[in-house]
Structures are given as C-alpha cells and as structure tokens.
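Participant: I have a structure I would like to understand better, so I am pasting it below and will then ask my questions one at a time.
Protein chains: 2
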Amino acid sequence: MKVGILTIGNELTSGKTQDTNSSFIARRLQAQGWQTSIIMSVPDDEGAIKTGLNHIMSLADAVIVTGGLGPTADDITTSAVARAFGLGVYTDQAALKHIRDRFEKFQLKWTANNEKQAHVPEGAETIKNPVGMAWGYALKRDGKIIAVVPGVPSEVKRMVPDGVIPVLKKEFKDEAGHVESRTIKLSGITEANVDQLLADVDFAGLGVNIGFYPNFPEIQIVLTAIAATEKAAKESITAAEGRVSEILKQYIFAYDQDTLEGIVAGLLTDKKLTIAVAESCTGGLVTDRLTDVPGSSAFLERGVIAYSNDCKADLLGVPEDVLKKFGAVSEKTAVSMAEGVRRLGKCNLGISTTGIAGPAGGTTEKPVGTVFIALANGTTTFCRHHNFRWDRRRNKTMMSQAALIMLKRYLTGELEDER
Amino acid sequence: MKVGILTIGNELTSGKTQDTNSSFIARRLQAQGWQTSIIMSVPDDEGAIKTGLNHIMSLADAVIVTGGLGPTADDITTSAVARAFGLGVYTDQAALKHIRDRFEKFQLKWTANNEKQAHVPEGAETIKNPVGMAWGYALKRDGKIIAVVPGVPSEVKRMVPDGVIPVLKKEFKDEAGHVESRTIKLSGITEANVDQLLADVDFAGLGVNIGFYPNFPEIQIVLTAIAATEKAAKESITAAEGRVSEILKQYIFAYDQDTLEGIVAGLLTDKKLTIAVAESCTGGLVTDRLTDVPGSSAFLERGVIAYSNDCKADLLGVPEDVLKKFGAVSEKTAVSMAEGVRRLGKCNLGISTTGIAGPAGGTTEKPVGTVFIALANGTTTFCRHHNFRWDRRRNKTMMSQAALIMLKRYLTGELEDER
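Chains as they are written, first to last, in my numbering: chain X, 84 to 502; chain W, 84 to 502.
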C-alpha cells in the first residue's frame with residue numbers, strides 16, 4: 084500500500100518549526116510494510132490544502148494529514164478538507180464533551196471558538212485523542228482513506244499508532260499481516276561498518292526488512308517482519324536478531340526503548356553498588372547522564388569535576404609527580420583519579436575520565452580526542468584508552484558514552500573477561 | 084516571490100533521516116522576504132521526481148531541489164531533472180576537476196562512478212560546492228528557476244545562502260531589496276507571553292517582519308527588514324529591536340550567534356575571575372555546559388556534584404543541623420554549598436544548585452521542579468528560588484539555564500541591582 088503524508092501549518096513553510104511528524108509517521112508506515120510515496124507541507128491556506136490533497140490522492144492509497152485542528156482563525160484544515168470533497172461539517176458531541184471535560188479538569192476558561200475543535204466532516208469516523216484537545220477523523224473517498232489528526236507531535240505519536248494505523252489496516256486488510264519489530268542499539272561502530280559487516284546476511288530471505296538509523300553517538304538497527312501469523316513474524320525477527328548478534332555482539336548495548344544510562348542505573352541498583360565519578364575532559368557529562376535516570380540517588384554518591392590539576396591533586400589524591408611525569412592526560416592519572424574518587428565517596432566503585440576535548444590542546448602523542456577512562460573497585464583498577472575525531476561537544480559525548488559502556492561491561496562481567 | 088522546496092531521497096520518505104534541509108531553506112527564504120508555498124519530499128525515483136517537480140512549478144516561481152547528486156546508482160536527480168525538461172546531460176570539466184582535486188587532497192581511491200557527480204543538464208549554470216564533492220546548478224525554464232544542490236545538510240547550509248539565493252536575487256531582481264536580520268534570544272518567558280507583550284507593537288509599520296522560534300529552554304525572536312538601501316533596512320531593524328528591548332529587556336540574554344554559556348565564559352575570562360560549581364539536582368549539567376566552551380579551563384577550577392548529604396557535609400561544609408532543620412533543598416543549604424565550593428576551589432566565585440528534578444521526591448511545600456540557586460563572591464551570597472513544571476530532563480535543563488542566567492546577571496552587575 085502507498086501512503087502520502089500532508090503536514091499543514093504556516094510555522095512549517097516559514098521554517099519556524101521543524102516538521103518532525105512526517106519522519107515519525109514514515110517510520111511507523113515502514114514498520115507496517117507500507118511505502119510512503121510522498122511527504123508534503125503546505126501553509127494554512129484553503130487552496131494550498133486542497134491542491135496538496137488532490138496531488139497526494141493521485142499518487143497514494145491513503146493520506147495522513149496533520150495540523151490545523153486548533154481553535155484559532157488560521158486553523159482551517161477541517162473546513163478545507165470537507166470542501167475539497169463537497170461535504171458539510173458538523174459538531175461531534177462526544178468530541179465536544181471530551182474538550183469541555185479537559186477544560187474543566189485543567190481549570191481553563193472556556194471560549195466559544197473551542198467548539199471548532201469538535202468539528203468533523205460529514206461521514207467521517209472520529210479518532211480519539213488521549214493526550215490533547217481535538218479528536219482526529221478518517222474519511223473514505225473513491226476507495227481511498229484520508230486520516231486527519233492534530234499537528235502537536237506528542238498527539239501524533241499517540242494517535243497515529245493507536246488510531247490511524249488500525250483504520251488503515253482494517254480498510255486494506257488483504258495486504259496487512261502480523262508485524263513484529265525489534266530495535267538493536269549499537270555503540271563504537273560506524274554506520275558504514277555496520278552496513279559492510281551485515282552485507283552478506285540475507286535478511287529478505289528471513290522475511291525481515293532491515294533499516295539503520297544513526298542517532299549520535301549510537302547506531303540503531305530496526306528489524307521488521309510481516310507475516311501471516313504472530314508466531315511466524317516473531318520467528319523471523321528471532322532468526323534475524325540472532326544473525327545480527329553473532330556478527331555485532333560486541334557493539335550491542337541495548338534493545339528497543341532501553342537507554343545506556345537506564346541499563347547502567349538498573350545494574351547498579353540491582354547489585355546494590357554505589358559509585359563516585361571523577362571527570363576532567365567530560366566536564367560533568369557522565370554524571371549528568373547518570374542523573375537523568377529517576378532514582379539515581381540510590382547509587383550515585385558524588386561526582387568531582389577535576390578541571391584543574393590542583394583539584395586532581397588535593398581532592399582526588401593524584402600524586403604531583405604523576406601529573407608532572409605523565410601529564411594530566413595519562414593512564415596513571417586516570418587510574419589515580421578513579422581510585423581517589425572511590426575513596427573520597429566511600430563507594431564500591433569509582434570511575435574517571437581525563438582527555439583532550441579540543442579544539443586546542445592536542446599534541447602529536449596525545450591528539451585532540453584522546454581520552455583515558457579508569458574504573459576502580461577497590462581490588463582492581465581497569466583503564467581503557469580511546470581516540471575520537473569529532474568537534475568538542477561530540478568528543479565529550481563520545482567520551483561519556485565510552486565511560487558508560489565500560490561501566491556496563493564491568494557490571495555484566497564482560498570487562499573482566501577482556502583482560 | 085513564491086518558492087517551492089523539493090528534497091529527494093529514500094532515506095527521507097522511509098523516515099530513516101529527518102529532513103532538516105527544508106526548514107533551513109525556508110528560514111533563509113523568509114529572511115529574503117520570499118514565501119515558501121510548498122515543501123515536498125519524494126523517493127529516489129524518476130517518475131516521482133518529475134511529477135513532484137511539475138507540481139511545484141505549477142505553484143511557485145522557483146524550485147530549490149536537494150539530494151540525489153551522489154555517485155551511486157540510486158542518485159538519479161540530475162538525469163531525472165534533465166529528462167523532465169527534455170535536456171541532455173554533459174560532464175562539466177571544472178566540476179570534475181574540483182572532485183578529482185578533492186580525491187587527491189583526501190587521498191581517496193578514484194572509481195569511475197565519481198564522474199557522475201560532475202554531470203550537469205545542458206544550459207545550466209553551475210553552483211560551486213566549497214565543502215563537498217558535487218557542485219550544484221541552476222536552470223531557467225518557462226521564466227522559472229530550478230536550482231539543484233546536494234542533500235548533505237552541511238553543504239546545503241553553505242550552497243543555498245552563497246550560491247542559490249544570489250541566483251534567485253539576480254533573476255527576480257525587481258523584487259529583491261536589501262535584507263537585514265537580527266536574532267534576539269530570551270529565557271524565563273513563554274512564547275505565548277512574548278506574543279502577548281509584543282501584540283501592540285506595529286512591526287509592519289516599522290518595515291519589519293517578526294518571527295518567534297521556541298528552542299527549549301530559549302525563545303528566539305527573529306526580526307527581518309527588507310528595504311531599498313542597506314541604511315534603511317538597518318534603521319528599521321534598530322527601531323524594532325529598540326521596541327523589543329524596551330518591553331522584554333529583562334528576558335534578553337543574547338543576540339544572533341551568541342550562546343548563554345559562551346557569554347558567561349567570555350565575561351569570566353575578561354574579568355579574570357575563577358569559579359567553582361556545586362551541583363545537586365542538576366547533576367553536572369551546569370558544569371557540562373560551561374565546559375562546552377573552548378578554553379573553559381581558564382575560569383573553571385572545579386565542580387562538585389554533591390548528590391549525597393554526606394558529600395554536601397564533608398566536602399562542601401554544609402552544617403549537619405542545616406541539612407536536618409531546613410533540608411537539602413533549601414536556601415540555607417544552597418548558600419552553604421556555594422560558599423563551601425568557593426572555599427574548596429580557592430576561587431573568586433562559587434555557584435550552587437539544589438532542588439527536586441522529579442518525577443518523585445516532591446512535597447506540597449517543595450514540589451517537583453523546585454530549585455534554589457546560590458552565588459557566593461566572598462563578600463555576599465545571593466540566592467534565588469524557582470519552580471519549574473517539566474519532566475526530569477527539562478527541569479534539569481531549566482535549572483541549569485537559571486543558574487547560568489543568574490551568573491551572567493551577576494557578572495554584568497544586574498544581580499546586585501535587584502537586591
């Protein structure tokens with residue numbers, strides 16, 4: 084099935100707002116095995132909406148429309164869509180009650196123009212909005228479906244998967260099958276390398292579509308299988324995931340909705356371990372990421388951002404002669420920082436970063452992007468060295484990623500195995 | 084003048100890549116006083132490209148096309164555009180030399196398919212690419228301009244302002260005037276409030292177009308003036324900026340390309356002041372942002388992320404009875420943290436944050452989003468209190484923003500004025 088996407092709003096065509104709805108919807112359509120044949124944005128203008136709608140309907144079996152369902156004068160999508168098909172508009176009482184209930188719940192002042200948000204073209208089926216005001220709707224014309232939802236991204240993210248896609252599946256049911264998908268998150272490898280390493284795997288033969296989505300500093304692999312039964316779709320995904328794991332095991336750190344910081348936090352909490360962090364080049368980013376996880380006070384005791392050599396020496400106990408002989412950016416300094424912060428915080432673990440984020444400060448021996456990361460547990464102190472080649476912010480991001488990956492590998496026993 | 088944008092690529096219609104080119108180009112067109120009447124994305128398919136191009140040319144005076152100029156088999160934009168207008172394609176020798184020179188410079192291995200990147204439709208004017216391989220080109224057909232550039236965002240960001248817009252200005256010169264623009268960055272106010280407070284200003288009467296661009300945690304106001312002379316355009320901008328400053332002065336923290344962390348870093352460096360940071364709820368984010376500025380080691384001595392009460396007491400010297408009586412989230416604790424970290428780092432300044440990022444941990448008296456921020460200079464310790472209402476990550480972002488704004492106001496003398 085071919086689907087077109089039409090996003091409506093002056094804020095899109097003026098460049099004021101980035102259209103993120105289209106790419107979200109296209110991914111969801113791809114996961115159903117459907118093809119997005121065109122994506123279009125037009126201003127809040129009746130002529131532009133009609134012309135756009137007609138053009139897309141000449142190319143696709145269905146159109147998903149977002150935007151222009153609000154209460155103000157420039158929100159004209161419903162009247163434009165209705166007039167494009169010669170339909171009247173009525174006020175849907177259930178949609179109106181939903182809006183009135185939300186006004187009451189959030190103690191908002193009712194104004195008459197809000198009734199417009201319950202307007203629906205004649206003959207349309209409404210699509211509920213669990214997270215906002217205006218409901219959406221779906222129309223059938225000339226054997227094609229036109230589904231309309233509000234433009235607010237958080238509403239699109241709920242209403243398209245839960246409301247629009249089920250309508251399309253029902254209408255085009257001979258094409259639809261059972262769909263399963265799996266996201267695999269990798270770190271420490273480029274998209275080009277993933278592509279090359281997986282080139283010989285016959286994913287199509289396994290009944291699986293594969294997509295790569297770089298999301299700095301990660302790469303996401305999305306596997307999608309469509310089959311007649313849930314069992315068959317799941318078997319395809321399992322087989323394909325097995326092949327990806329065999330080849331890329333060492334780079335995989337998470338699946339589906341999991342995040343690296345969330346996994347590390349879960350492991351520390353489960354094992355009842357506490358940690359202290361000593362950062363130099365990452366400037367607080369490792370601790371910032373760990374504290375993005377709710378409940379991080381259970382395992383994070385403290386962080387020290389030891390930007391000056393004084394701080395490395397007086398607070399973390401890095402010996403002056405280590406700093407003098409090997410430099411602040413060295414394995415010995417990293418090790419001493421990790422051991423020092425662990426001692427200072429009276430924790431089970433200490434982790435440290437020291438390096439050169441750039442753009443200045445690099446040397447031939449230690450170029451910009453060099454980082455030493457150490458992890459101390461009271462018995463052993465591990466140290467790893469990396470060299471990244473990005474700008475300052477992305478070097479910091481990669482360095483924090485490497486530190487969290489190292490911590491995860493330690494907590495799952497993989498770091499010890501490497502020695 | 085009306086312009087349409089056509090972005091080409093399977094990666095766009097599959098949702099794999101977010102199309103950021105369209106919104107960048109639309110903003111640049113808006114800054115010229117031109118209108119973007121349609122934005123469209125189509126897959127790498129000759130039929131789709133032709134149909135899309137024809138549709139846009141029926142609506143606009145010019146089309147800007149991005150993508151599909153690479154060396155591989157799926158890059159078919161140039162042949163599709165040429166065939167759409169019944170034109171042949173030739174290899175532009177200057178474009179080819181540019182590509183060969185880059186291969187040599189970056190020590191890349193030449194393969195025959197790279198010559199394709201120098202293909203240009205007959206009669207087109209080439210547009211140089213200072214940051215990549217393939218040059219772009221502009222064609223004139225039926226009094227309309229079709230300008231084509233590669234899809235790589237960094238190349239679009241150079242080639243559209245420096246190459247495409249000058250071609251359009253030349254062709255549609257009776258409409259073009261001198262354009263000036265100014266970006267004003269605000270913090271601590273919502274978009275709705277900005278809109279309301281500026282509602283009575285007659286920007287159109289001043290010859291200025293105004294746009295708001297929310298960019299969490301900031302709001303950007305962009306003023307654009309088009310006039311017959313540079314002098315007249317500048318005068319319009321100055322008048323409009325004066326009106327905005329009068330009304331919103333207290334929320335303005337930067338102009339044009341400046342960032343909050345960059346301004347604070349510049350002030351600290353110029354005044355030869357050193358600073359130490361003590362963070363609780365922000366978890367390292369304040370220091371992370373300060374260390375995003377190259378050369379931050381000149382002013383940042385250290386940071387302490389005092390997540391545990393032990394750390395607040397043993398390292399920062401917050402008295403046990405303050406923690407017991409007022410709690411970790413209190414003005415007294417914030418003040419004691421700022422003074423403690425300043426002392427510890429032997430710095431001119433100490434700044435601290437303590438609060439509740441959420442989602443748990445809130446009380447009626449101190450709900451989620453509460454933060455106390457203190458700034459100590461050895462003589463006086465200032466403390467400010469805020470209450471944000473976002474999710475955990477955005478609360479952390481707003482709290483770090485409030486801390487950096489407070490530091491900026493101190494450094495410019497505005498904080499003392501408030502007392």
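Using N, Cα and C, we set each Cβ at its ideal position, and we do this for glycine too.
#1: When DSSP labels each residue in this structure, what does W:C466 get in the three-state scheme?
#2: Got a sec, what are the start and stop residues for the beta strand (DSSP E) W:G219 sits in?
#3: On the DSSP letters alone, give me the boundaries of the beta strand (DSSP E) that X:N196 sits inside.
#4: In this structure, does DSSP put X:E329 in helix, strand or coil?
#5: Whole angstroms are fine: how far does the CA of X:H181 sit from the CA of X:R241?
#6: Closer than 8 Å, Cβ to any Cβ of chain W: which residues of the region 237-265 of chain X, in chain order?
#7: At 3 residues or longer, and completely inside the region 355-389 of chain X: list those beta strand (DSSP E) runs for me, N to C.
#8: Excluding five sequence neighbours on each side, which residues of the same chain lie with their C-beta closer than 7 Å to the C-beta of W:I139?
#9: Between which two residues does the alpha helix (DSSP H) carrying X:N104 extend?
#10: If contacts are defined as beta-carbon pairs under 8 Å, then X:I439 and X:G452 qualify, I think. What distance do you get, rounded to the angstrom?
#11: Which residues in chain W sit within 8 Å of X:D144, going by Cβ to Cβ distance?
#12: Just to make sure I have the definition right: I need the residues of chain W whose C-beta is within less than 7 Å of the C-beta of X:V125. Which are they?
#13: Nearest chain X C-beta to W:A417 closer than 9 Å, yes or no?
#14: Using 9 Å as the threshold, is the C-beta distance between X:A178 and X:A221 below it?
#15: Determine, using beta carbons only, whether X:A457 and X:L399 come nearer to each other than 9 Å.
#16: Give a yes or no on whether the minimum CB-CB distance between W:D278 and chain X is below 9 Å.
#17: Less than 9 Å between the beta carbons of X:V214 and X:T161, yes or no?
#18: How long is the line joining the alpha carbons of X:R502 and X:T464, rounded to whole angstroms?
#19: Taking a cut of 8 Å between CB atoms, which residues from the region 377-398 of chain W lie near chain X?
#20: Please determine, among X:V247, X:I228, X:I346 and X:S106, the residue with the shortest C-alpha to C-alpha distance to X:N212.
#21: How about W:K415 and W:F336: do their beta carbons lie closer than 9 Å?
#22: State the DSSP-derived secondary structure class of X:L269, mapped to helix, strand or coil.
#23: What residues from chain W crowd round X:G375, counting only those whose CB sits closer than 8 Å?
#24: Contact defined as beta carbons within less than 8 Å: I believe W:G153 pairs with W:Q200. What is the distance between those atoms, to the nearest angstrom?
#25: Can you give the Cα-Cα distance for X:K317 and X:G325, rounded to whole angstroms?
#26: Measure the CB-CB distance between X:P233 and X:T119 and report whether it falls below 9 Å.
#27: Looking at the C-beta of W:A308, does it have a partner C-beta in chain X at a distance below 9 Å?
#28: Under three-state DSSP, which class holds X:M84?
#29: Does any C-beta atom of chain X lie closer than 9 Å to the C-beta of W:G423?
#30: Strictly under 9 Å for the Cβ-Cβ distance: is W:R502 near chain X by that measure?
#31: Under 7 Å between beta-carbons, which chain W residues line up against X:A337? List them in chain order, please.
#32: Among residues of its own chain, excluding the 5 on either side of X:N292, which ones have a beta-carbon nearer than 6 Å to its beta-carbon?
#33: Along the beta strand (DSSP E) that carries W:V247, what are the first and last residues, could you check?
#34: If X:I304 sits next to X:V327, beta carbons under 8 Å apart, how far is it from one beta carbon to the other, in whole angstroms?
#35: When the cut-off is 9 Å and only beta carbons count, does X:G135 lie next to chain W?
#36: Smallest Cα separation from X:I210: which of X:E238, X:F186, X:Q190 and X:T312?
Facilitator: The structure says:
#1: As a working mapping, residue 466 of chain W is identified with position 383 in the second sequence. If DSSP states are grouped into helix, strand and coil, W:C466 belongs with the strands.
#2: Position 136 of the second sequence, counted from the first residue, corresponds to residue 219 of chain W. Element bounds for W:G219: G219 to R224.
#3: Locating residue 196 of chain X in the first sequence gives position 113, where the first residue counts as 1. Secondary structure note for X:N196: it is in no beta strand (DSSP E), with a DSSP letter that is neither H nor E.
#4: For the purposes of this step, residue 329 of chain X is taken as residue 246 along the first sequence, with counting starting at 1. In the structure shown, X:E329 sits in a helix (DSSP, three-state: H, G or I).
#5: In the first sequence, the residue the question calls residue 241 of chain X occupies position 158. In the first sequence, the residue the question calls residue 181 of chain X occupies position 98. So the alpha carbons of these two residues sit roughly 16 Å apart.
#6: Taking 8 Å as the Cβ-Cβ cut-off, the region 237-265 of chain X has no residue approaching chain W.
#7: Within the region 355-389 of chain X, the complete beta strand (DSSP E) runs of at least 3 residues are 358-362 and 383-388.
#8: Residue numbering aside, residue 139 of chain W sits at position 56 when the second sequence is read from its first letter. Taken in chain order, the residues that qualify are G87, L89, I121, M123 and V146.
#9: As a working mapping, residue 104 of chain X is identified with position 21 in the first sequence. If you look at X:N104, you'll find it in the alpha helix (DSSP H) that goes N104 to A114.
#10: In the first sequence, the residue the question calls residue 439 of chain X occupies position 356. In the first sequence, the residue the question calls residue 452 of chain X occupies position 369. Contact holds; Cβ gap of about 7 Å.
#11: In the first sequence, residue 144 of chain X corresponds to position 61, counting from 1. In chain order: nothing, as chain W lies at least about 15 Å away.
#12: Position 42 of the first sequence holds residue 125 of chain X. In chain order: I121.
#13: As a working note, residue 417 of chain W is residue 334 in the second sequence. Using a Cβ-Cβ cut-off of 9 Å, W:A417 does not count as an interface residue toward chain X, since no Cβ of chain X sits closer than that to its own.
#14: Residue numbering aside, residue 178 of chain X sits at position 95 when the first sequence is read from its first letter. Residue numbering aside, residue 221 of chain X sits at position 138 when the first sequence is read from its first letter. Going by C-beta atoms, X:A178 is not nearer than 9 Å to X:A221.
#15: Start at 1 with the first residue of the first sequence, and residue 457 of chain X comes out as number 374. Start at 1 with the first residue of the first sequence, and residue 399 of chain X comes out as number 316. No, Cβ-Cβ distance for X:A457 and X:L399 is not below 9 Å.
#16: Against the second sequence, residue 278 of chain W aligns to sequence position 195. No, W:D278 lies away from the interface with chain X (no Cβ there is under 9 Å from its Cβ).
#17: For the purposes of this step, residue 214 of chain X is identified with residue 131 of the first sequence, where counting begins at 1. For the purposes of this step, residue 161 of chain X is identified with residue 78 of the first sequence, where counting begins at 1. In terms of Cβ geometry, X:V214 and X:T161 do not form a close pair [threshold 9 Å].
#18: Taking the first sequence and counting its residues from 1, the one referred to as residue 502 of chain X is at position 419. Taking the first sequence and counting its residues from 1, the one referred to as residue 464 of chain X is at position 381. Model confidence at X:R502 stands at a pLDDT of 49, short of 50, so the residue's coordinates are unreliable and nothing is read from them.
#19: Residues of the region 377-398 of chain W with a Cβ closer than 8 Å to any Cβ of chain X, in chain order: P377, G378, S379, S380, L383, E384, R385, G386, V387, I388, A389, Y390, S391, D393, C394 and L398.
#20: On the first sequence, residue 212 of chain X is found 129 positions in, with the first residue counted as 1. When each option's Cα is compared against that of X:N212, the closest is X:V247.
#21: By 1-based counting over the second sequence, the position of residue 415 of chain W is 332. By 1-based counting over the second sequence, the position of residue 336 of chain W is 253. Contact: no.
#22: In the first sequence, residue 269 of chain X corresponds to position 186, counting from 1. Note: X:L269 maps to strand in three-state DSSP.
#23: Taking the first sequence and counting its residues from 1, the one referred to as residue 375 of chain X is at position 292. In the sequence under discussion, the amino acid at residue 375 of chain X is Asp, which differs from the Gly named in the question. Correct list: G366, R475, R476 and K479.
#24: Here residue 153 of chain W corresponds to residue number 70 of the second sequence, with the count starting at 1. Here residue 200 of chain W corresponds to residue number 117 of the second sequence, with the count starting at 1. Indeed they touch by this definition, with Cβ atoms about 7 Å apart.
#25: The sequence position of residue 317 of chain X within the first sequence is 234, counting from 1. The sequence position of residue 325 of chain X within the first sequence is 242, counting from 1. Between the alpha carbons of X:K317 and X:G325 lies a gap of roughly 12 Å.
#26: Here residue 233 of chain X refers to the residue found at position 150 of the first sequence. Here residue 119 of chain X refers to the residue found at position 36 of the first sequence. Result no, Cβ atoms of X:P233 and X:T119 do not sit closer than 9 Å.
#27: Your numbering for residue 308 of chain W matches position 225 in the second sequence. No, because no Cβ of chain X sits closer than 9 Å to the Cβ of W:A308.
#28: By 1-based counting over the first sequence, the position of residue 84 of chain X is 1. Note: X:M84 maps to coil in three-state DSSP.
#29: Taking the first residue of the second sequence as position 1, residue 423 of chain W is located at position 340. Not closer than 9 Å to any Cβ of chain X, the Cβ of W:G423 fails to qualify, so no.
#30: To locate residue 502 of chain W, count along the second sequence from 1; it is residue 419. Any answer about W:R502 is weak, because its pLDDT of 49 lies below 50 and its placement is not dependable; what the coordinates show is given next. Answer no: the Cβ-Cβ gap between W:R502 and chain X never drops below 9 Å.
#31: What you label residue 337 of chain X is simply residue 254 of the first sequence in a count that begins at 1. Within 7 Å Cβ-Cβ: nothing; X:A337 doesn't reach chain W, min ~18 Å.
#32: In the first sequence, residue 292 of chain X corresponds to position 209, counting from 1. Taken in chain order, the residues that qualify are T307.
#33: Walking along the second sequence from the start, residue 247 of chain W turns up at place 164. Neither: W:V247 is in no beta strand (DSSP E) and is coded neither H nor E.
#34: To locate residue 304 of chain X, count along the first sequence from 1; it is residue 221. To locate residue 327 of chain X, count along the first sequence from 1; it is residue 244. That pair is a contact at about 6 Å.
#35: If you number the first sequence from 1, residue 135 of chain X lands on position 52. By the rule that beta-carbons nearer than 9 Å mark a contact, X:G135 touches chain W.
#36: Position 127 of the first sequence, counted from the first residue, corresponds to residue 210 of chain X. Ranking the options by Cα distance to X:I210, first place goes to X:E238.
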